[in-house]
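**Q** Quick one: this structure, given as structure tokens, is what I'll be asking you about.
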Amino acid sequence: MFFLLTTTFTYAGEYLSGPADYIYSPRVEEGEREIDTKFGTQKPRSGEDSRQSGASIGLGYGVTSWWFTEIYGKNTWDGNNSQFDAVEWENKFQLTETGKYFVDVGFLIELERPQNRNEGYEAKYGFLLQKDWNKWQANLNLLMQGHYTGTENQGTYFGYQGQVKYRLQPELQLGAQLFSWLGQLNNWNTNQQQQTSVGPAIFGKTKLGRKEALVYNVAYLWGTTTASPKNTIRMQVEYEF
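Counting in the numbering used here, the sequence shown runs from 1 upward without gaps.
So, in structure tokens, the structure goes:
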């Protein structure tokens, strides 16, 4: 069993979607390794607060044709303050064969141990959906997230991610991304209390060798509610080998 070792920097403040969060895909490729980097910066709704920024770097591996696993560390900072935040273990399972059914289906499980032990453990889990037709590709992820066994347990939240892109060519694809959290499972927020950010994105994949490729995506997101960050700039670059 091979684990993915990474060092990650993300924002873990008032927003459930950090600036370096990304769209999960249900697909897994056995034996694929990747060096994964992410960066993001987030402007809070209040003009008095400084931007919250984050970045990550990691190494990943597809253990089987249906299981991808990852372990990494998190750091958070805002302005001049930076601190180690948590260790996280991510596992992704592809539940259906690629292209066999109307949509490809996967399942995500993330377990996080925050540096602040009062937070207990954080878990994120849910279904990952992906559909391809002609040059279009769409993703919809239904997720739950919560803290458990800690003194600061704030319940379990439900959210979703969305993405659509048009593949002009492998190196340049155009689309959009969306991140949204609707509230606690037993107490959904009103529209303006929900956290939703959406905006345009560009994608691409450049072959570097027989098994090597550079994959990227960049997005600019606007907050659509008063509880959302004013704007978020995020990017992800993967070196696959």
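Heads up, the beta-carbon is just placed ideally off N, CA and C, and yes, glycines get one too.
Threshold first: 3 residues or longer. Then list the beta strand (DSSP E) segments lying entirely within the segment 85-154, N to C.
**A** Fully enclosed beta strand (DSSP E) runs of 3 or longer: 104-114, 121-133, 136-148.
**Q** For Leu5, which residues of its own chain have a beta-carbon under 8 Å away from its beta-carbon, when the five flanking residues on both sides are left out?
**A** Low per-residue confidence applies at Leu5: pLDDT is 37, beneath 50, and the placement is therefore not dependable, though the value from the model is reported in the following sentence. Excluding positions up to five away in sequence, the list reads Gly58, Leu59, Ile71, Tyr72.
**Q** Pick out whichever of Tyr61, Ile109, Leu140 has its Cα sitting closest to the Cα of Val103.
**A** Minimum Cα distance to Val103 is reached at Leu140.
**Q** To the nearest angstrom, how far is the alpha carbon of Asn75 from that of Gln52?
**A** Looking at the two C-alpha atoms, the distance is approximately 12 Å.
**Q** Quick one: what's got a C-beta closer than 7 Å to Phe3's C-beta in the same chain, skipping five residues either side?
**A** In this predicted model, Phe3 has a pLDDT of only 40, less than 50, meaning its place in the structure is not dependable; the value taken from the coordinates is given anyway. Excluding sequence neighbours, Phe3 sits near Thr69, Ile71.
**Q** With DSSP collapsed to three states, give me the class of Asn217.
**A** Looking at Asn217 - three-state DSSP - the assignment turns out to be strand.
**Q** My understanding is that Glu34 touches Glu238, with C-beta atoms under 8 Å, so please give their C-beta distance in whole angstroms.
**A** Going by Cβ atoms, the distance from Glu34 to Glu238 rounds to 5 Å, so yes, they are a contact pair.
**Q** Going by Cα to Cα distance, which pick from Gly31, Asn116, Ile23 is closest to Lys38?
**A** The shortest Cα separation from Lys38 among Gly31, Asn116, Ile23 belongs to Ile23.
**Q** Do the segment 162-181 and the segment 200-217 make contact, defined as three or more Cβ pairs closer than 8 Å?
**A** Yes: the two stretches touch, three or more of their Cβ pairs being nearer than 8 Å.
**Q** State the CB to CB distance for the pair Leu128 and Gly106, rounded to an integer number of angstroms; the pair is presumed to be in contact (CB under 8 Å).
**A** About 4 Å; that satisfies the 8 Å criterion.
**Q** Hey, Val28 and Ser82 are a contact pair by Cβ (cut 8 Å); roughly how many whole angstroms apart?
**A** Between Ser82 and Val28 the Cβ distance is about 33 Å, and since that is not below 8 Å, they are no contact.
**Q** Use the C-beta contact count for Tyr15: other C-beta atoms within 10 angstroms, 16 or more gives buried, fewer gives exposed.
**A** Buried.
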